[in-house]
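I have placed the structure first, in the form of structure tokens, so that the comments after it can refer back to it.
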Amino acid sequence: MGKIAIQEAIEQVNARGAKAFVPYIMAGDPSLSELKDQLLYLQESNATVVELGIPFSDPVADGPTIQEAGKRALKSGTTLPKILSVLKEIKDDITVPIVLMTYINPLFKYGLGKVFEDIEAAGVSGLIIPDLPLEQYSLIETHIKKTDLALIQLVTLMSPDQRIEKLAKLSEGFVYAVSVTGITGERATISDQLEGFIQKLKKHSPVPVLAGFGISSPEQVAQVASLGDGVIVGSKIVDLQHKGEQSKIRELIHAATQPSVI
Amino acid sequence: MTTYAQPDINGQFGQFGGRFVPETLMRAVLELEEAYKEAQNDPEFHKLLEHYLKDYIGRENPLYYAENLTKKIGGSKIYFKREDLNHTGAHKINNTIGQALLAIRMGKKKIVAETGAGQHGVATATVCALLNLDCVIYMGEEDIRRQQLNVFRMELLGARVESVSQGSGTLKDAVNEAMRYWVTNVEDTHYIIGSVLGPHPFPQMVRDFQSVIGKETKKQILEKEGRLPDEIIACIGGGSNAMGIFHPFINDTEVKLTGVEAAGSGIHSGKHAATLTAGDVGVLHGSLMYLLQNDDGQIQEAHSISAGLDYPGVGPEHSYLHETKRVHYTSVTDNEALDALQLMSRTEGIIPALETAHAIHYAVESAKAGNPEDIIVVCLSGRGDKDVNTVKAALEERE
Chain A
1 MGKIAIQEAI EQVNARGAKA FVPYIMAGDP SLSELKDQLL YLQESNATVV ELGIPFSDPV
61 ADGPTIQEAG KRALKSGTTL PKILSVLKEI KDDITVPIVL MTYINPLFKY GLGKVFEDIE
121 AAGVSGLIIP DLPLEQYSLI ETHIKKTDLA LIQLVTLMSP DQRIEKLAKL SEGFVYAVSV
181 TGITGERATI SDQLEGFIQK LKKHSPVPVL AGFGISSPEQ VAQVASLGDG VIVGSKIVDL
241 QHKGEQSKIR ELIHAATQPS VI
Chain B
1001 MTTYAQPDIN GQFGQFGGRF VPETLMRAVL ELEEAYKEAQ NDPEFHKLLE HYLKDYIGRE
1061 NPLYYAENLT KKIGGSKIYF KREDLNHTGA HKINNTIGQA LLAIRMGKKK IVAETGAGQH
1121 GVATATVCAL LNLDCVIYMG EEDIRRQQLN VFRMELLGAR VESVSQGSGT LKDAVNEAMR
1181 YWVTNVEDTH YIIGSVLGPH PFPQMVRDFQ SVIGKETKKQ ILEKEGRLPD EIIACIGGGS
1241 NAMGIFHPFI NDTEVKLTGV EAAGSGIHSG KHAATLTAGD VGVLHGSLMY LLQNDDGQIQ
1301 EAHSISAGLD YPGVGPEHSY LHETKRVHYT SVTDNEALDA LQLMSRTEGI IPALETAHAI
1361 HYAVESAKAG NPEDIIVVCL SGRGDKDVNT VKAALEERE
């Protein structure tokens, strides 16, 4: 577990000429009792890493699909302590590295002094905190450094060059290249600036570069994955899971992880 | 005595404030900070701003001695700073004109804003019409239903009003949607936030634009009384009218500053918006501040008869002034505000906004405890025309 687990999982896929695939699901959607089966399905479908969303009442970086998933999760009584307790219980069955995607406030309220150690103890390998930019990192720095958790940095097309370089160097586990300007959710087209952006990140980053936001079809998965080391797909996975179309999730994963389709 | 100089270079007021926004917005937030600094040091910008404040908004507005109310209560002398006489009827436009001029300086032609009751939305739509800027206003569907007239006003002024059905469909959700719109359209759009909230530099910038209230008050009270007041009272939702009138007095420690939050149906009912009285610290909408939240860090709904106070957070600078105890924060219920609104209407012939009525209720209590040599200034942040339907319904229900 920890930083190395994430990086190694991605590098192993890349070593056999394939690309990493990181699906996002919302913890507690539709309820926490299904989390184990959901994670096992993704693991058996060869997901490289799983990004697990923590529901928050005010998710400003998310589009309608993930907002709705968060609402369903909160409605079913999902809380961060409950999520951690389920993860701890199923720790031995889950071998795929897990990364939590959470806004800062649930961590803050839980207590920054203990939350990272509890997250690590639940078997989680890393964190993505979309509303904690570089400028506010000092708020958690001393606490997260007591653990081996990876703090994955989001880098955007909008970021100035110097900032791109700094974030790429700092990121642990992998770099999250935000492939669109805006919030999470499906997009019809992929930006033509994406290739140059990913190349820039790869030049500076000691860890793999994965692209996410707005990717929804197997074709887009293959196209974007080919530019870097892999892809992250959120809204589309949440949508398919909600509709009960699990087999289509597997198709998306395979579009990146099966070398034959690349 | 040390001189008050907040926020620090990181945009923090002590531990409060900061820039808790997605990376996608960081560039815009940093560019805005630079542009604001440049504008602050540019005499031409100030000249232009003063021109609009004077000839368009109608400043300076009066500091009015409320003789009838003072005599009726028989305690301290009560003055009102008449922000209700501004164009559009409230203090909100002091900020929207400043930010719109800044947006033009930055080459941005589109404006997005959120609104609760619609006052900030109308003030934003107004300056956008004046300065030929595209304008999108996000408003919760529940608020749209309650404030049809303000929706029509905004549309009449040429703005597009977008209904927000996410969450509970009120102000907090409108802020979320406005921020999402800004994240997506950040290259050509400026976000005019309506209070001393959001990521740095917004809380500082909105305070500075609103500080014209306190600067005028200081000059006027010295002219009329030859000394500073004993107490200044203002209502607090996000806290922009209060920050505006308090800020020029923060170093004058002999002046007591009092912020009045909305206690809704009463603090113990759980249905209130008294963030500093009954909330705790967390992060929302880009800033570390006091919030209403549950044990799991989920933000809770605020409740107040006045839509303008109906927000589950309070500006980071107020959070700081609460901890340093420079400002005293208290709260007033819906019913007390309704009483104060009627008293003010009958005694002075001024129908105040429901928000302002909270401050007036506390001022009356404070004046009762004072004596005729004491001076109280209340920020009359807005006029009550927008609230007459709400007031009518509430009074009928009470009978």
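Chains A and B supply the protein sequences, listed in that same order. Under my numbering, the first residue of the first sequence is numbered 1, with each subsequent residue one higher. Under my numbering, the first residue of the second sequence is numbered 1001, with each subsequent residue one higher. For glycine and all other residues, C-beta sits at the position ideal for the given N, C-alpha and C.
Checklist line | Per-residue contacts from B:N1010 into chain A (C-beta, under 8 Å) | finding: E135
Item checked: Beta carbon of B:V1161 nearer than 8 Å to that of B:E1141 -> Their beta carbons are not under 8 Å apart, which means B:V1161 does not touch B:E1141 by this criterion.
Notebook entry, point to check: Could you check where the alpha helix (DSSP H) with B:E1261 kicks off and where it finishes?
Noted result: Counting along the chain, B:E1261 falls outside any alpha helix (DSSP H), though it belongs to the beta strand (DSSP E) covering 1256–1264.
Item checked: Cβ distance (whole Å) where B:L1085 is taken to contact B:N1068 below 8 Å -> With 8 Å as the limit, B:L1085 and B:N1068 do not qualify as a contact, their Cβ atoms being about 18 Å apart.
Item checked: Any chain B beta carbon closer than 8 Å to A:V261 -> Here A:V261 scores only 48 on pLDDT, less than 50, and its place in the model is too uncertain to base an answer on.
Checklist line | Where B:S1331 falls: helix, strand or coil (DSSP) | finding: strand
Next item on the list: Determine the closest residue to A:F219 out of A:I253, A:I94, A:D239, A:V207, with distance taken between C-alpha atoms.
Entry: Note that residue 219 of chain A corresponds to Glu in the displayed sequence, not to Phe. Residue A:I253 is the option with its Cα nearest to A:E219.
Next item on the list: Starting from B:V1186, find everything on chain A with Cβ-Cβ shorter than 9 Å and list it in chain order.
Entry: M158, T181, G182
Check: Cα separation between A:A225 and A:F213?
Finding: Going from the Cα of A:A225 to the Cα of A:F213 covers about 13 Å.
Checklist line | Where B:D1280 falls: helix, strand or coil (DSSP) | finding: In the three-state reduction of the DSSP assignment, B:D1280 falls in the strand class.
Item checked: Pick from B:S1287, B:F1080, B:K1256 that is closest to B:N1010, judged by C-alpha positions -> Nearest to B:N1010 by alpha-carbon distance, out of B:S1287, B:F1080, B:K1256, is B:S1287.
Checklist line | Endpoints, beta strand (DSSP E) assigned at B:F1202 | finding: B:F1202 -> not in any beta strand (DSSP E); alpha helix (DSSP H) instead, spanning 1202–1210.
Note to self: I'd like the ranges of any alpha helix (DSSP H) spanning at least 4 consecutive residues and lying wholly in the segment 159–202 of chain A.
What the structure shows: 161–170
Checklist line | Chain-order list of residues whose beta-carbon lies under 7 Å from that of B:V1283 (same chain, five-residue window excluded) | finding: The residues are F1020.
Notebook entry, point to check: Taking Cβ-Cβ distances below 7 Å as the criterion, which residues of the segment 1011–1024 of chain B are in contact with chain A?
Noted result: From the segment 1011–1024 of chain B, only G1018, R1019, F1020, V1021, P1022, E1023, T1024 have a Cβ closer than 7 Å to chain A.
Next item on the list: Measuring alpha carbon to alpha carbon, tell me which of B:G1270, B:H1328, B:K1081 ends up nearest B:I1221.
Entry: B:K1081
Margin query: So, with DSSP's three-state summary, where would you put A:K145?
Written below: In the structure shown, A:K145 sits in coil (DSSP, three-state: anything other than H, G, I, E or B).
Margin query: Across the segment 1095–1114 of chain B and the segment 1124–1132 of chain B, are there enough close Cβ pairs to call them in contact, namely three or more that are closer than 8 Å?
Written below: yes
Next item on the list: Return the first residue and the last residue of the alpha helix (DSSP H) that A:F56 is part of.
Entry: It is not in any alpha helix (DSSP H) - A:F56 carries neither H nor E in the DSSP assignment.
Notebook entry, point to check: Since A:Q67 meets chain B, which of its residues come closer than 7 Å, beta carbon to beta carbon?
Noted result: Q1166
Note to self: With DSSP as the reference, identify every bridge partner of B:C1135, one or two as the case may be.
What the structure shows: B:I1111
Notebook entry, point to check: Does any C-beta atom of chain B lie closer than 8 Å to the C-beta of A:L151?
Noted result: By this cut-off, A:L151 is not an interface position.
Check: Does the separation of the CB atoms of A:S205 and A:S171 fall below 8 Å?
Finding: A contact, by the Cβ cut-off of 8 Å.
Check: Is there contact here, the segment 1199–1210 of chain B with the segment 1149–1159 of chain B, by at least three beta-carbon pairs under 8 Å?
Finding: no
Next item on the list: Note down the Cα distance separating A:V261 from A:A188, rounded to an integer number of angstroms.
Entry: Bear in mind that a pLDDT of 48 at A:V261, under 50, signals an unreliable position, so the model cannot answer this.
Note to self: If you follow the alpha helix (DSSP H) that B:F1045 is in, where does it begin and where does it stop?
What the structure shows: Its alpha helix (DSSP H) spans residues 1043–1055.
Notebook entry, point to check: Taking the alpha-carbon positions, what's the B:D1008 to B:G1014 distance?
Noted result: Their backbone Cα atoms lie some 8 Å apart in a straight line.
Check: Under 9 Å Cβ-Cβ, which residues of chain A neighbour B:Q1298?
Finding: P55, F56, S57, D58, L74, T79, N105, P106, K109
Notebook entry, point to check: What is the rounded straight-line gap between the Cα of B:I1137 and the Cα of B:T1253?
Noted result: 39 Å
Margin query: Checking 8 Å against the spacing of the C-beta atoms, do B:I1245 and B:G1214 come in under that value?
Written below: yes
Check: For B:F1209 versus B:I1232, is the C-beta distance shorter than 8 Å?
Finding: no
Check: Residues of chain A with CB under 8 Å from B:G1282, in chain order?
Finding: N105, F108, K109
Item checked: chain B contact for A:V155 (CB, 8 Å cutoff) -> yes
Notebook entry, point to check: Using a C-beta cutoff of 8 Å, does B:K1172 count as contacting chain E?
Noted result: Checking the listed chains, one finds no chain E in this structure; the protein chains it contains are A and B.
Item checked: Enclosing beta strand (DSSP E) for B:M1179 [first to last residue] -> Counting along the chain, B:M1179 falls outside any beta strand (DSSP E), though it belongs to the alpha helix (DSSP H) covering 1171–1184.
Next item on the list: Compute the beta-carbon to beta-carbon distance between A:L87 and A:A122, rounded to the nearest angstrom, for a pair I have assumed lies under 8 Å.
Entry: 4 Å
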